[in-house]
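To keep things clear, I will list the structure first and then write my remarks on it.
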Amino acid sequence: MKYKMLVLDMDDTLLNDDHKISIENREMLAKAKEKGVLVILASGRPTPAMTAYAKELGLEDSYMISYNGAVITNLKENEIIFEQTLTQEQIYELYDYSVQHNTHIITYVEGKVVSETSSEYIDIELNITGLEHNKVLDFKAAVQSSAVKCILLEEPSYLREVEQHLKAAMPHLSVCMSKPFFLEVAQNGIDKGASVKFLADKLNILQSEVIAVGNAGNDLSMIEYAGLGVWVDNVDAHLRDKADVIVASNNNDGVAEVVKRFILA
Numbered sequence: 274m275k276y277k278m279l280v281l282d283m284d285d286t287l288l289n290d291d292h293k294i295s296i297e298n299r300e301m302l303a304k305a306k307e308k309g310v311l312v313i314l315a316s317g318r319p320t321p322a323m324t325a326y327a328k329e330l331g332l333e334d335s336y337m338i339s340y341n342g343a344v345i346t347n348l349k350e351n352e353i354i355f356e357q358t359l360t361q362e363q364i365y366e367l368y369d370y371s372v373q374h375n376t377h378i379i380t381y382v383e384g385k386v387v388s389e390t391s392s393e394y395i396d397i398e399l400n401i402t403g404l405e406h407n408k409v410l411d412f413k414a415a416v417q418s419s420a421v422k423c424i425l426l427e428e429p430s431y432l433r434e435v436e437q438h439l440k441a442a443m444p445h446l447s448v449c450m451s452k453p454f455f456l457e458v459a460q461n462g463i464d465k466g467a468s469v470k471f472l473a474d475k476l477n478i479l480q481s482e483v484i485a486v487g488n489a490g491n492d493l494s495m496i497e498y499a500g501l502g503v504w505v506d507n508v509d510a511h512l513r514d515k516a517d518v519i520v521a522s523n524n525n526d527g528v529a530e531v532v533k534r535f536i537l538a
């Protein structure tokens, strides 16, 4: 099988635990590009928190999927070719739900992370994205428009319970875990898999010609869509049987293994 598109989750997949791209991963991805494979970064991260990595990999002529699939950017033209947002009313509904269920909630306004609260989990998001924290007295007053997504944050075992309840309470929204303490919420039908399909269809790439690599619940949709769905070894335990292949972990060049085994072989 000749694969034409390689879609990569970033945190805990392409990036090691220090949020770096290893030399081995970078070299193998360069070889994949030389073979004509389109390399796509697909992350829950905001777009600005992905661009430096795209440049590091020389992907300025590629595409990028951000905000868990809510935004697709043509990097060559610096143009958003797809965007789907939560309405202001839906964000308010999620805020009320968050207060009722004792979780933190964040969204993104004008390139900043907005919340009423602080927590160790919000600090992790700030560290990952490098975005400024706009801590406000009134969340609803600070959010006067639509936004691409919200994240509910709390201790993992409790947040897993919230996930199941929220999916039942708001079936009109897309709900998934990106980290054990990040519960991501986007517009209905928005996920990485749907955006990978949108992009593959646009570029006349067959489903069977797509490889997707990830590690968490928010990657499951693209793992199931891809012709070859791959987990790195540090995948969440309850998801291990959902992919076609498991490769080495994010700290052991799992992405490079994918390129060697399925693109260069």
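In my numbering, the protein residues as written are 274 to 538.
Cβ coordinates follow ideal geometry from the N, Cα and C atoms, glycine included.
Residue closest to residue i, alpha-carbon to alpha-carbon, out of the options
i, options, result
"residue 500", "482, 510, 491 and 509", "482"
"residue 488", "294, 283, 276 and 403", "283"
"residue 472", "428, 534, 368 and 312", "312"
"residue 416", "537, 382 and 287", "382"
"residue 356", "365, 320 and 445", "320"
"residue 408", "397, 458 and 379", "379"
"residue 453", "461, 433, 439 and 442", "433"
"residue 351", "299, 341, 328 and 368", "328"
"residue 299", "331, 318, 396 and 441", "331"
"residue 531", "515, 470 and 505", "505"
"residue 524", "508, 374, 447 and 354", "508"
Buried or exposed by the 16-neighbour rule on C-beta atoms within 10 Å, applied to residue i
i, result
"residue 513", "exposed"
"residue 400", "exposed"
"residue 372", "exposed"
"residue 226", "Within the shown structure, residues of the chain are numbered from 274 to 538, placing residue 226 beyond reach of any answer."
"residue 511", "exposed"
"residue 363", "buried"
"residue 274", "exposed"
"residue 295", "buried"
"residue 325", "exposed"
"residue 308", "exposed"
"residue 431", "exposed"
Host alpha helix (DSSP H) of residue i (start-end)
i, result
"residue 495", "493-498"
"residue 308", "Looking at the DSSP string, residue 308 is not in any alpha helix (DSSP H), and its letter there is neither H nor E."
"residue 469", "465-475"
"residue 326", "324-329"
"residue 487", "No alpha helix (DSSP H) holds residue 487; the beta strand (DSSP E) holding it covers 483-487."
"residue 455", "Element bounds for residue 455: not the alpha helix (DSSP H) but the beta strand (DSSP E), 455-460."
"residue 438", "429-442"
"residue 400", "393-402"
"residue 413", "412-415"
"residue 372", "361-373"
N- and C-terminal bounds of the beta strand (DSSP E) containing residue i
i, result
"residue 525", "No beta strand (DSSP E) holds residue 525; DSSP gives it neither H nor E."
"residue 355", "352-356"
"residue 539", "With the chain running from 274 to 538 in the structure shown, residue 539 is simply not present."
Nearest-angstrom Cβ-Cβ length linking residue i and residue j, presumed shorter than 8 Å
i, j, result
"residue 485", "residue 344", "Not quite, the Cβ-Cβ distance comes to about 18 Å (not below 8 Å), so this is no contact."
"residue 445", "residue 461", "5 Å"
The segment 282-301 touching the segment 490-505, judged by at least three CB pairs closer than 8 Å: Judged by Cβ distances under 8 Å, the segment 282-301 makes contact with the segment 490-505, as three or more pairs qualify.
Validate contact between the segment 390-407 and the segment 460-467 using beta carbons, cut 8 Å, 3 pairs: Short answer: they don't touch.
Inter-stretch contact at 8 Å, needing at least 3 Cβ pairs: the segment 346-361 / the segment 411-430: By the Cβ test, the segment 346-361 is in contact with the segment 411-430, since at least three Cβ pairs between them sit closer than 8 Å.
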